[in-house]
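**Q** End of the sequence shown sits at 554 in the working numbering; the numbers just go up one at a time, nothing left out. No residue lacks a Cβ here, since even glycine has one placed at the ideal position from N, Cα and C. Computed from a prediction, not measured in an experiment: that's the story for all the values here.
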Amino acid sequence: MPSAIRLLDETTVGQIAAGEIVERPLSVVKELVENALDAGARRVAVAVARGGLDAIDVLDDGAGIAREELQLAFARHATSKLTSAADLERIATLGFRGEGLASIAAVARVRLVSRVASAEIGYAVTAFDGTTSQPEPAAGPPGTRVTVEGLFENVPVRREYLRTPAAEFARISTFLSTLALGYPQVAFSLVHDGRSAWIFPSAQSVEQRLQHVFGPGPAAALVPLARANAGFGGVRGFVSRPGYDRPDRRMQLLFVNGRLLRSTLLAGAWTAGYATFSLAGRQPYGVLFLELAAEDVDPNVHPTKSDVRLRRPDRVAAAVKAAIVETLERDAGGRLREAVSFAPQAAPIDSNSGDWSALRLIDDGALESPAPRVLAQLDDTFILSLDGDALVLVDQHAAHERIAFETIVERAKRGAPSEPLLVPYVVELEPADVPRFEAVRESLAEAGFVAEPFGEGAYRICATSAGYGARTFDLRPFLADAGDEIAGLSPRERLWATLACHSVARAGDRLDLAEMSALVARLAQCTNPMHCPHGRPTLVRIGADDVARMFKRT
Ligand code: ADP
Ligand code: MG
């Protein structure tokens, strides 16, 4: 039998509410550090004992709390950050719910010492279980220091969910160093059991912090984000170079208006931004800082404020994607120029010879720069070439695939007419393949690849897309690959990438010097010359210094 309904007492209410906010030592650190940042601190010093299970201490040099307000700060729903419900529509601070301190004091013993800059001395209060002591004078510099002890001693069941002190400390350290990325001008330090774990001095840039958060190797592969040209607030950040990735999205960090989010809000923008730059199943990493108008962000969707709702998520995602794409293209272009520095003695390119005339399909403009000098073909698969001071190895298939893919995309965009074949040829499909081919036939035609039904299970190929007429296109292996996932590509682009792959020089095709020169030259004009649409590298550069190292000369 259920008993009669009654109102819960204050203590129980407090603990229930606190349960949402204070889950583990990290939650306490988060609430206190957010308060310090909201108070304009330039320095935040965190010290914890036994992973925070025994004690958590957060010291800041922010605005402080006046004596008269010390007790109020611990009252539930007491905040200086909102004045009316209308303020909820444009929140500019990390806190706003007025339940951080109250929630901590519901599940731990808290001592808070604070001094506002204008006062001669500070005051201290202690709070626990719904009661806050009278303020007493206490010495200290301007700012606030909060010490939390005995976390969950009054709710033992909560303790059971905690991990070892080392694991709880690791969470705190990761969170704090990651949050610090968003506040480079603020000095942060973390002490564990009396020993310094790390110190971030106040800085203009976030470089040192990037190294700490991502590790020195991965941090070195981060590229600063190009300015988004879309008309919306702003996005800054760092994203990993193609080829540097991780198995999961955990290191796709996102700040919105200074708030570190745990959401995968922009996962789609990352994926789309790296389409054709990354390998299937791998994830790029980096950190994005979005600055949006306060009224375009609603952080009031989660008690711990670790998620937000955006007013125009599609627009934001599109702008972020554009910024990533621009960054990667610019970076790839820069690295190609660096990888292939175009020796003055380069052989003239006759791009009209052989099958490779097709390489000039997109535009017939003059080549921007002479290509590196092609020396030889290795194993009918790799092109050996030389620029001023480096050996450049090109994977002929990957390179050609990239060129063909960009050609196809470009032509489809322009609706360029396809190239009719002088001698159409007929292919016959297995009955099972006919519906699969029918499903993609229209998208193929958009890309210039025209196939007409030609009787039972047969098709006549009348025109091809990238103009590789001389190579007979084999439909069957194409259909077998057409369903492959390629990270971030739409089904149509995926089809085109597969079409590109099947239209071009394979590993094992012998090419003459002119063909190879044309291929390398055309590669240099691609938007993303460094990777094929599947994300594999197209070229590798071995500099004189690399060679010297192989010969142990350095
Ligand atoms: P909220 O952060 O949502 O306002 P809190 O319970 O965390 O709620 O804090 C209540 C109030 O106490 C804050 O609004 C702020 O005025 C004051 N406060 C808390 N911590 C600090 C601090 N470190 N420095 C200055 N003021 C603080
Ligand atoms: Mg707060």
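Can you tell me whether DSSP reads residue 68 as helix, strand or coil?
**A** In the sequence shown, the residue the question calls residue 68 occupies position 68. Correct three-state label for residue 68: helix.
**Q** Count the other CB atoms within 10 Å of the CB of residue 344; is the residue buried (16 or more) or exposed (fewer)?
**A** Taking the first residue of the sequence shown as 1, we reach residue 344 at position 344. Note that residue 344 scores a pLDDT of 31, beneath 50, so its modelled location is shaky and nothing firm can be said.
**Q** Using the Cβ count rule (16 or more neighbours within 10 Å means buried), how would you classify residue 134?
**A** Position 134 of the sequence shown, counted from the start, is the residue given in the question as residue 134. Residue 134 comes out exposed.
**Q** Run through DSSP, which three-state label would residue 356 get?
**A** For this step, residue 356 is matched to residue 356 along the sequence shown. Unreliable placement is indicated for residue 356, whose pLDDT of 33 sits below 50; no coordinate value is reported for it.
**Q** With a CB to CB cut of under 6 Å and the five nearest residues on each side skipped, what residues in its chain are close to residue 108?
**A** By 1-based counting over the sequence shown, the position of residue 108 is 108. Within the same chain, residue 108 has close Cβ partners 148, 150, 151.
**Q** How many angstroms separate the CA atom of residue 363 from the CA atom of residue 490?
**A** Mapped onto the sequence shown, residue 363 falls at position 363. Mapped onto the sequence shown, residue 490 falls at position 490. Any reading at residue 363 is ruled out, since the residue's pLDDT is 31, under 50, leaving its predicted position unreliable.
**Q** For residue 93, count neighbouring Cβ atoms within 10 angstroms of its own Cβ and tell me buried if that reaches 16, exposed if not.
**A** Here the question's residue 93 lines up with position 93 in the sequence shown. Label assigned to residue 93: buried.
**Q** Three-state secondary structure (DSSP) at residue 363?
**A** Residue 363 sits at position 363 when you count from the first residue of the sequence shown. Here residue 363 scores only 31 on pLDDT, less than 50, and its place in the model should not be relied on; the value that follows carries that caveat. Residue 363 falls in the coil class under three-state DSSP.
**Q** With C-beta atoms as the reference, is residue 376 less than 7 Å away from residue 386?
**A** What you label residue 376 is simply residue 376 of the sequence shown in a count that begins at 1. What you label residue 386 is simply residue 386 of the sequence shown in a count that begins at 1. Contact: no.
**Q** Keeping to the same chain, check which residues put their C-beta closer than 7 Å to that of residue 190; ignore five residues upstream and five downstream.
**A** Walking along the sequence shown from the start, residue 190 turns up at place 190. Excluding sequence neighbours, residue 190 sits near 46, 173, 176, 197, 198.
**Q** Going by the CB atoms, is the gap between residue 140 and residue 61 shorter than 7 Å?
**A** As a first step, residue 61 must be located in the sequence shown, where it is residue number 61. As a first step, residue 140 must be located in the sequence shown, where it is residue number 140. No, they are not a contact pair.
**Q** Any chance the CB of residue 65 is under 6 Å from a heavy atom of the ligand ADP?
**A** Taking the sequence shown and counting its residues from 1, the one referred to as residue 65 is at position 65. For the ligand ADP, at least one heavy atom lies less than 6 Å from the Cβ of residue 65.
**Q** Just to check my reading of the structure: residue 520 and residue 374 have Cβ atoms closer than 8 Å, yes? What is that Cβ distance to the nearest angstrom?
**A** As a first step, residue 520 must be located in the sequence shown, where it is residue number 520. As a first step, residue 374 must be located in the sequence shown, where it is residue number 374. Contact flag correct, Cβ pair sits at about 6 Å.
**Q** Report yes if the C-beta of residue 39 is less than 6 Å from at least one heavy atom of the ligand ADP; otherwise report no.
**A** Locating residue 39 in the sequence shown gives position 39, counting from the first residue. Flag set: Cβ of residue 39 near the ligand ADP.
**Q** For residue 192, which beta-bridge partners are listed by DSSP?
**A** Taking the sequence shown and counting its residues from 1, one reaches residue 192 at position 192. DSSP lists 48, 195 as partners of residue 192.
**Q** Cα-Cα, which of 9, 398, 26 is closest to residue 507?
**A** Position 507 of the sequence shown, counting from 1, holds the residue named residue 507. Comparing Cα positions, the closest option is 398.
**Q** Please list the segments of the alpha helix (DSSP H) lying wholly inside the stretch 113-193, counting only runs of 4 or more residues, in order along the chain.
**A** Here the runs fully enclosed are 156-159, 165-180.
**Q** What does the alpha-carbon distance come out to for the pair residue 17 and residue 97?
**A** On the sequence shown, position 17 is the one that residue 17 refers to. On the sequence shown, position 97 is the one that residue 97 refers to. Their Cα atoms are separated by approximately 12 Å.
**Q** Quick check on this structure: which residue in 70, 110, 120 has the alpha carbon closest to the alpha carbon of residue 58?
**A** As a first step, residue 58 must be located in the sequence shown, where it is residue number 58. Ranking 70, 110, 120 by Cα distance to residue 58 puts 110 first.
**Q** For residue 383, write down the residues that DSSP places opposite it in a beta bridge.
**A** As a working mapping, residue 383 is identified with position 383 in the sequence shown. Paired residue(s): 377, 394.
**Q** Does residue 340 pass the burial test, meaning 16 or more other C-beta atoms within 10 Å, or should it be called exposed?
**A** One-based indexing of the sequence shown puts residue 340 at position 340. Because residue 340 carries a pLDDT of 48, less than 50, the predicted location of this residue cannot be relied on, and the following value inherits that uncertainty. Buried is the call here.
**Q** How would you call residue 248, buried or exposed, if buried means at least 16 neighbouring beta carbons within 10 angstroms?
**A** Within the sequence shown, residue 248 is the residue found at index 248, counting from 1. Exposed is the call here.
**Q** Any idea if residue 408 is buried or exposed, counting beta-carbon neighbours within 10 angstroms, 16 or more meaning buried?
**A** Numbered from 1 along the sequence shown, position 408 holds the residue referred to as residue 408. When all chains shown are included, residue 408 counts as buried.
**Q** Quick check for students: name the residue ranges of the beta strand (DSSP E) that lie wholly in the stretch 211-241, counting only runs of 3 or more.
**A** Correct list: 222-224, 234-240.
**Q** Within its chain, find whatever has a CB closer than 8 Å to the CB of residue 10; leave out the 5 residues flanking it on each side and keep chain order.
**A** Taking the sequence shown and counting its residues from 1, one reaches residue 10 at position 10. Taken in chain order, the residues that qualify are 130.
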